[in-house]
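Protein chains in written order, with my numbering: chain A, 1 to 335; chain B, 336 to 510.
Positions of the beta carbon are idealized from the N, C-alpha and C atoms, including for glycine.
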Amino acid sequence: MRPFDYARPADVDEALSLVGDTPGARFLGGGTNLVDLLRRGVETADLLVDVSRLPLDEIEEAADGGLRVGAGVRNSDLAHHPLVRRRYPVLSRALLSGASGQLRAMATVGGNLHQRTRCPYFTDLDAPCNKRDRGAGCAARHGASRGLAVLGTSERCAATHPSDLAVALVALDARIELASRDGVREVSADGFHVLPGETPDIETVARRDELVTAVVLPSPPPGRGDYRKVRDRASYAFALVSVAAVLDVVDGDVASVRLGLGGVGTVPWRAHRAEAHLTGSPLSDERVAEAVALELADARTTPDNAFKVELARRTAVATLRRLATPSDSTAGAIA
Amino acid sequence: MPAPPPARPVTLTVNGRRTTASLEPRTSLLDALREQAGLTGTKKGCDQGACGACTVLVDGRRVLGCLTLAMQAEGCHVVTIEGVGPHHPLQDAVVHHDGLQCGFCTPGQVCSALGMLAEHRAGAPSLVTEDLAADAVPLTSAEIRERMSGNLCRCGAHNGLVAAVREVAESGSAR
Ligand SMILES: Cc1cc2nc3c(=O)[nH]c(=O)nc-3n(C[C@H](O)[C@H](O)[C@H](O)COP(=O)(O)OP(=O)(O)OC[C@H]3O[C@@H](n4cnc5c(N)ncnc54)[C@H](O)[C@@H]3O)c2cc1C
Ligand code: FES
Ligand code: FES
């Protein structure tokens, strides 16, 4: 591993200055992604500025009924928090479905949002990868494509965004607070990650010197929520497809529905088209299938990942069916 | 390229003892424990966060030594398998239930299970918990399997491990 220096700033201002002043500096959260990528030579840094000890570890109730989650809150602490479990079960479950107990105890909210893709060519230094090395080419196009995204892809990149947390956040209309020496700004979770386009190496709207300081959750949407993740093994694996859903049915009609899709997009995918198709009508499996078909109408597939279209349909149908059946005692749970 | 940052003294409290070693910033907690402190009970399986063999407790939380920089643990209390044993009730239960074969994953399994049991006592749910809002979750075999999924065992000793964890959880002797 290429050597780097390590600093533990005393406060946010010092962290912002250190990264602002040092071109090769990077923020360090739990290290579960960055330390791995540094060791493999996929990422480089001259200085790691450890922000995991800053006082960004609070979960506070906001006046509007929402929650403000510090960027240093560990994934496990957020998932286990009583208010999150009760008011935002979709978020709790999304977190609990990610990685392992050890990794969740280390990983921070800010680091989770900035985690890099698990496309095998991204970490294979012998293979070309536009995300790692702009303009180098993409080995996945004619290689192993089973895990690739089907939505939001470009000629240059079809790598999937791996975060489960982010899929729940886009469904919940969360906002992400960014701080730099220039001040503080907020962006929507839905607009935080950017499509690969011509520059797959640019993954978010955040600049290198911008620290994620908090995730702001608006008051919970009405209805019941769940996160369902389908993968190659029952636990400790990334999603092939995942669905974050919050559904409110009033008098037999869908009053509101939020849908986020994981595993299918180059970014955490908010399924606006599907939501529009479902809202105002009675819920049925057929209707959900139509909605998912609309959402995935522009899907670009390879023979190896075309299964994700059908899998997304089935997963959405199963998730919404269960949320719509209040008598089902297992609703809200993952079987 | 600029000269690499020099090694500097890092003080860790490991198994209740303060130790200071001269470390480069890139040194992982796992390497510091094994190479500097001579505590080779903690194992290096994948060095990539994928197997759990390197699990230790940092301030009571289970973490992966391979993805933690030693400097990140400065000022923290680190507990390794050497600080757990040699005859912790969970270790005896693992032996009794044949929860190991080659033993390579075992230190990580034991440390992970101790961290997991503490999470469970604090009321933490898991992905297989039906009612997320419940204050207490029964620690069934399915719960143990999900909560321990971050520890792989290439020998396939999982059934014995689950039995051992369950026995110790039920007797309350794991603290
Ligand atoms: C084996 C394995 C399995 C996994 N499985 C899953 C899974 O199923 N689902 C899932 O969602 N994730 C999974 N993960 C990924 C894991 O969730 C991420 O590694 C973790 O969330 C990253 O958080 P961190 O705090 O450790 O980030 P770090 O590794 O510290 O940092 C990651 C990136 O974020 C930047 N960063 C950190 N904090 C901030 C901040 N506050 N502001 C700005 N930038 C910041 C860093 O500079 C770096 O670029 C898995 C990881 C491993 C190793
Ligand atoms: S050695 Fe750390 S997880 Fe495998
Ligand atoms: S006992 Fe051999 S790896 Fe688990």
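Residue i versus residue j: straight-line alpha-carbon distance, rounded
| i | j | result |
| --- | --- | --- |
| Gln444(B) | Ala477(B) | 16 Å |
| Gly263(A) | Ser357(B) | 43 Å |
| Ser145(A) | Ala299(A) | 14 Å |
| Asp173(A) | Arg456(B) | 33 Å |
| Thr123(A) | Ser284(A) | 42 Å |
| Glu310(A) | His277(A) | 18 Å |
| Met106(A) | Leu435(B) | 27 Å |
| Val215(A) | Asp57(A) | 11 Å |
| Asn494(B) | Cys389(B) | 21 Å |
| Thr302(A) | Leu452(B) | 44 Å |
| Ser281(A) | Arg258(A) | 15 Å |
| Val167(A) | Gln115(A) | 13 Å |
| Arg482(B) | Val463(B) | 9 Å |
| Ser363(B) | Ser92(A) | 30 Å |
| Ala306(A) | Leu151(A) | 11 Å |
| Ile202(A) | Ala316(A) | 30 Å |
| Asn130(A) | Thr44(A) | 16 Å |
| Ile334(A) | Arg352(B) | Here Ile334(A) scores only 38 on pLDDT, less than 50, and its place in the model should not be relied on; the value that follows carries that caveat. Spanning the two alpha carbons is a distance of roughly 43 Å. |
Unbroken alpha helix (DSSP H) run spanning residue i, endpoints
| i | result |
| --- | --- |
| Glu275(A) | 272-278 |
| Phe4(A) | Careful: Phe4(A) lies outside any alpha helix (DSSP H) and carries neither H nor E. |
| Gly20(A) | 12-21 |
| His423(B) | Premise fails: His423(B) is in no alpha helix (DSSP H) and is neither H nor E. |
N- and C-terminal bounds of the beta strand (DSSP E) containing residue i
| i | result |
| --- | --- |
| Val241(A) | 241-250 |
| Phe439(B) | Looking at the DSSP string, Phe439(B) is not in any beta strand (DSSP E), and its letter there is neither H nor E. |
| Phe27(A) | 25-28 |
| Thr315(A) | Careful: Thr315(A) lies outside any beta strand (DSSP E), inside the alpha helix (DSSP H) at 307-323. |
| Glu61(A) | 59-61 |
| Arg231(A) | Run containing Arg231(A): none; DSSP gives neither H nor E here. |
| Arg175(A) | 175-180 |
| Gly223(A) | Note, Gly223(A): premise wrong, no beta strand (DSSP E); not H, not E. |
| Ser357(B) | 352-358 |
Below-9 Å beta-carbon distance, residue i vs any chain D residue
| i | result |
| --- | --- |
| Gln383(B) | Checking the listed chains, one finds no chain D in this structure; the protein chains it contains are A and B. |
Proximal residues of chain B, C-beta to C-beta of residue i below 8 Å
| i | result |
| --- | --- |
| Phe4(A) | Pro340, Pro360, Arg361 |
| Arg93(A) | Leu462, Leu467 |
Proximity test, residue i beta-carbon vs ligand 1 heavy atom, cut-off 8 Å
| i | result |
| --- | --- |
| His277(A) | no |
| Met106(A) | yes |
| Ala99(A) | yes |
| Asn75(A) | yes |
| Val391(B) | no |
| Glu295(A) | no |
| Pro162(A) | yes |
| Phe307(A) | no |
| Ser180(A) | no |
| Leu172(A) | no |
| Ser508(B) | no |
| Gly260(A) | no |
| Ala477(B) | no |
Near ligand 2: residue i beta-carbon under 8 Å from a heavy atom
| i | result |
| --- | --- |
| Asp251(A) | no |
| Leu34(A) | no |
| Lys131(A) | no |
| Cys301(B) | The structure shown has nothing for residue 301(B), since chain B only spans 336 to 510. |
Assumed close pair residue i, residue j - CB separation to whole angstroms, cut-off 8 Å
| i | j | result |
| --- | --- | --- |
| Thr348(B) | Thr355(B) | Going by Cβ atoms, the distance from Thr348(B) to Thr355(B) rounds to 10 Å, so no, they are not a contact pair. |
| Leu16(A) | Arg181(A) | 5 Å |
| Leu54(A) | Val12(A) | 6 Å |
| Ala468(B) | Arg86(A) | 5 Å |
| Val292(A) | Arg313(A) | 4 Å |
| Pro360(B) | Asp5(A) | 5 Å |
Contact list for residue i against chain A, beta-carbon separation under 7 Å
| i | result |
| --- | --- |
| Val398(B) | Gln102, Ala105, Met106 |
Ligand 3 heavy atom lying under 8 Å from the CB of residue i
| i | result |
| --- | --- |
| Gly438(B) | yes |
| Gln444(B) | yes |
| Ala498(B) | no |
| Ala492(B) | yes |
| Leu435(B) | yes |
| Cys381(B) | no |
Within chain B, partners of residue i - CB distance below 7 Å
| i | result |
| --- | --- |
| Asp36(A) | Gln383, Gly384, Leu402 |
| Thr32(A) | Gly384, Leu402 |
| Arg273(A) | Near Arg273(A) there are no residues of chain B at all, since even the closest Cβ is about 29 Å away, more than 7 Å. |
Cross-chain neighbours of residue i in chain A, by beta carbon under 9 Å
| i | result |
| --- | --- |
| Leu474(B) | Neighbours of Leu474(B) on chain A: none; closest Cβ ~13 Å, over 9 Å. |
| Glu485(B) | Here residue 485(B) is Gly; the residue named in the question, Glu, does not match the sequence. Neighbours of Gly485(B) on chain A, chain order: Ala99, Ser100, Gly101, Gln102, Leu103, Arg104, Ser235, Tyr236. |
| Glu511(B) | Any answer about residue 511(B) is impossible in this case: the structure gives chain B only from 336 up to 510. |
Ligand 5 heavy atom lying under 8 Å from the CB of residue i
| i | result |
| --- | --- |
| Leu399(B) | Looking at this structure, you won't find ligand 5 anywhere; what it does contain is ligand 1, ligand 2 and ligand 3. |
Residue i: contacting residues in chain B (beta-carbon distance under 9 Å)
| i | result |
| --- | --- |
| Pro89(A) | Leu467, Ala468 |
| Arg228(A) | Simply none; closest approach about 10 Å. |
| Arg86(A) | Leu467, Ala468 |
| Leu83(A) | Residues of chain B passing the Cβ test: none, with the nearest at roughly 10 Å. |
Per-residue contacts from residue i into chain A (C-beta, under 8 Å)
| i | result |
| --- | --- |
| Pro442(B) | What Pro442(B) touches in chain A: nothing, since even the nearest Cβ is about 13 Å away. |
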